[in-house]
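Below is one structure, written out as structure tokens; comments come after it.
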Amino acid sequence: MRGRELRDPAATGAPAGAPVLEIRGVTKSYGDHPVLRGIDLAVGEHQAFALIGASGSGKSTLLRCIDLLEEIDDGDIFLDGEPITVPGMNPVPVRRRLGLVFQSFNLFPHLRVIDNVTLGATRAQKVPAAEARRAALELLTRFGLESRAREYPDKLSGGQQQRVAIARAMLTRPRALLLDEVTSALDPELVGDVLDLIRELKAEGMTMILATHEMSFARDVADQICFLEDGRIIEQGTPEQILTEPREPATQRFLSRLLHANRL
Amino acid sequence: MSTEYQLTTREDRVQSRRRRRRRDILISAVATVVVVGGLVARVVTASGWNSFRETFLSATWFVKSIGGVASGFWLDVRMFLIVEVCVLALSLMIALVRTFEYPLLYPVRLLATVFVDVMRGIPTILLIYLVGFGVPALNLKGVPSAPVFLGEAALAMNYAGFVSEVLRAGLMSIHPSQGQAALALGLTPAQTLRDVIIPQAVRRVVPPLLNDFIALQKDVALISILGPQEVFRTAQIFQEANFNYTPLIAACALYLCVTVPMTRFVDRLQWRTVRQRGAVLALGPR
């Protein structure tokens, strides 16, 4: 059993200067199949961390564990120095402080774009409807989507849908944004707009963890890149270091395969 | 020897299409006249036709009975509306309990499963009869013994068995990622159900739901076996007093006035769903 003092913010020296998100020794299996085998990570204010690695390496599962959509088996996750993975804790208030964007958008097909964006604010944050609407329109305008506000999501292109999904996550003013391969389901010509948007959010100081297959994007936007394999962080460093002079053989193998596939 | 082919002009194609259309219309007209005319001729030339017309299709008795029959029908309409609301509420509860597994609700889920199986397995008329005569015999405190109420209750339970399964299929057809997206936004599980899952599920099963409600409209008449003077019973009283069956035909006419528009509406709704899903329809010859 892990020490109680670990879960006590005072004993961790938090919250002053504490990382926005801290992950310590997190493990997770589905049945007999271990997906995360002990992840340690600390993401500071305004930092962007990119998780790279092959499909099945645990990137998505880690993001889902952080947003408490999956229960972890062991370890701790701290948000602003406060443990959020205490058994029996209500996950709802924690999820309200984080934003998660999915690979497949997961917009609500029965709601118009504007209502997709305001649902979280009006229901979870109890923001008055008119105020949420105003804020949502402002955000959609910024994302170049104001003309689509009254449409249903299935009338939009994939790139537009994903930008709506990002707007939906942003309207609740999350402490950190978790982006789960947000461009993997998009046609190549639609990827650019979504990546530009994320760059912009990063420039404004949004703290984020992004699982991605876009190495050039990770290089641009991330302060740190973590290479995952089989549920472990094999190597972590600056984009320069990881992408140009990886130390670990596993990282080298992964990158050379990408290079071979012309994806670097 | 070379053959000179004449090239088809646009005009030729238009002409040919027009000829084909004309031929199709002619064939369907002739077929309709032959089939319908043949049936009518057989009925009209039957030896009992004249007395049948007197006892079943008498204009006089139709006019005389239509007022009374219509007031009976009004009771059916009211019973239908009440039962429909109860069915919707009851089946949504059953569907939710059976779809989402809360440990606290385990006994309720077990009960709901048994309820659905039993209700779907008993003939409607038997259930109405048993509830209508069984509950008053029990003499339960606080339970009204009015036949209309008991008939409505029996019918609502019977239909809830079917409708809850329709709703459950709708709930299960919503991809789990929808629920996760709602939870990730910070919605509570209850809000997720109310704002995201249930609206989508219900939309998806509207045509089969409406089908069940068309059936319910008609089955309301079964409550007559408990005695309330709804449309069937009223028409029957007329018939027994006057030895004329026309009031029953009047009752049918009233039913058709309600069920046919509703059926058409549901059909159109189903077609629209098919078209929206982009299904290619290839029916009949060109």
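The listed protein sequences correspond, in order, to chains L and A. Heads up: the first sequence at position 14 corresponds to 0 in the numbering used here, and the numbers run straight through without jumps. Heads up: the second sequence at position 167 corresponds to 184 in the numbering used here, and the numbers run straight through without jumps. Each residue gets a CB set at the ideal place from its N, CA and C atoms; glycine is no exception.
If we ignore side chains and look at the alpha-carbon of each, how far apart do residue i and residue j end up?
i               : j                   : result
alanine 63/A    : phenylalanine 69/A  : 10 Å
threonine 237/L : leucine 245/L       : 12 Å
leucine 239/A   : proline 193/A       : 41 Å
glutamine 217/A : glutamine 148/L     : 20 Å
valine 207/L    : proline 69/L        : 28 Å
leucine 74/A    : arginine 27/A       : 55 Å
proline -5/L    : alanine 4/L         : Its pLDDT being 39, under 50, proline -5/L is placed unreliably by the model, and the measurement read from it follows with that caveat. Going by the C-alpha atoms only, they are around 10 Å apart.
glutamate 101/A : aspartate 93/A      : 12 Å
arginine 30/A   : valine 47/A         : 26 Å
arginine 281/A  : arginine 83/L       : 50 Å
leucine 214/L   : glutamate 132/L     : 38 Å
asparagine 67/A : serine 82/A         : 21 Å
glutamine 222/L : aspartate 166/L     : 19 Å
glutamine 227/L : glycine 217/L       : 21 Å
serine 241/A    : tyrosine 272/A      : 15 Å
valine 213/A    : alanine 198/A       : 9 Å
asparagine 92/L : aspartate 134/A     : 35 Å
valine 168/L    : glutamate 231/L     : 27 Å
threonine -2/L  : isoleucine 191/A    : At threonine -2/L the pLDDT is 41, less than 50, meaning the model places this residue with poor confidence and gives no usable figure here.
arginine 134/L  : tyrosine 119/A      : 39 Å
alanine 0/L     : isoleucine 211/L    : For alanine 0/L, the pLDDT reaches just 43, beneath the cut-off of 50, and the residue's location in the model is therefore unreliable, although a value from the coordinates is still provided. Those two C-alpha atoms are separated by around 25 Å.
alanine 87/A    : glutamine 246/A     : 11 Å
threonine 72/A  : phenylalanine 260/A : 7 Å
aspartate 209/L : methionine 192/L    : 12 Å
arginine 50/L   : arginine 10/L       : 15 Å
Measure the Cβ-Cβ separation of residue i and residue j and say whether it is below 8 Å.
i                   : j                  : result
leucine 187/L       : leucine 163/L      : yes
valine 150/L        : proline 139/L      : yes
arginine 81/L       : leucine 128/A      : no
leucine 157/L       : alanine 107/L      : yes
glutamine 195/A     : phenylalanine 94/L : yes
alanine 268/A       : alanine 252/A      : yes
glycine 145/L       : leucine 172/L      : yes
alanine 112/A       : leucine 144/A      : no
leucine 7/L         : isoleucine 25/L    : no
isoleucine 100/L    : arginine 119/L     : yes
glycine 85/A        : proline 164/A      : no
proline 264/A       : tryptophan 78/A    : yes
asparagine 175/A    : threonine 130/A    : no
phenylalanine 132/A : glycine 168/A      : no
glycine 89/A        : arginine 211/A     : no
histidine 96/L      : arginine 220/A     : yes
arginine 154/L      : asparagine 76/L    : no
methionine 194/L    : leucine 229/L      : no
valine 283/A        : glutamine 234/A    : no
phenylalanine 97/A  : valine 237/A       : yes
serine 170/L        : histidine 199/L    : yes
What three-state label does DSSP hand residue i in the structure shown?
i                  : result
tyrosine 22/A      : coil
glutamine 32/A     : helix
tyrosine 16/L      : strand
leucine 122/A      : helix
glutamine 147/L    : helix
valine 222/A       : coil
glycine 65/A       : coil
threonine 276/A    : helix
phenylalanine 91/L : coil
proline 77/L       : helix
arginine 246/L     : Before going on, a small fix: residue 246/L reads as histidine here, not arginine. If DSSP states are grouped into helix, strand and coil, histidine 246/L belongs with the helices.
asparagine 156/A   : coil
tyrosine 262/A     : coil
valine 51/A        : helix
isoleucine 111/A   : helix
leucine 56/A       : helix
threonine 158/L    : coil
glycine 106/L      : helix
tyrosine 138/L     : coil
List the residues that DSSP assigns as beta-bridge partners of residue i.
i                  : result
methionine 194/L   : Ala34/L and Leu163/L
glutamate 222/L    : As written in the sequence, residue 222/L is glutamine, which differs from the glutamate given in the question. Its beta-bridge partners are Cys212/L.
glycine 85/L       : Leu163/L
phenylalanine 64/L : Glu8/L and Pro69/L
valine 29/L        : Leu7/L
leucine 22/L       : Lys14/L
Between the segment 163 to 183 of chain A and the segment 56 to 75 of chain L, do three or more beta carbon pairs fall short of 8 Å? no
Looking at C-beta atoms only, is the number of pairs between the segment 30 to 38 of chain L and the segment 188 to 207 of chain L that lie closer than 8 Å three or more? yes
Three or more C-beta pairs below 8 Å linking the segment 204 to 216 of chain A and the segment 152 to 159 of chain A: no
Does the segment 174 to 189 of chain L touch the segment 224 to 235 of chain A, meaning 3 or more C-beta pairs lie closer than 8 Å? no
Count the C-beta pairs between the segment 6 to 23 of chain L and the segment 40 to 54 of chain L that are closer than 8 Å, then say yes if the count reaches three, no if not. yes
Cβ pair count under 8 Å reaching 3, the segment 95 to 111 of chain A against the segment 142 to 152 of chain A: no
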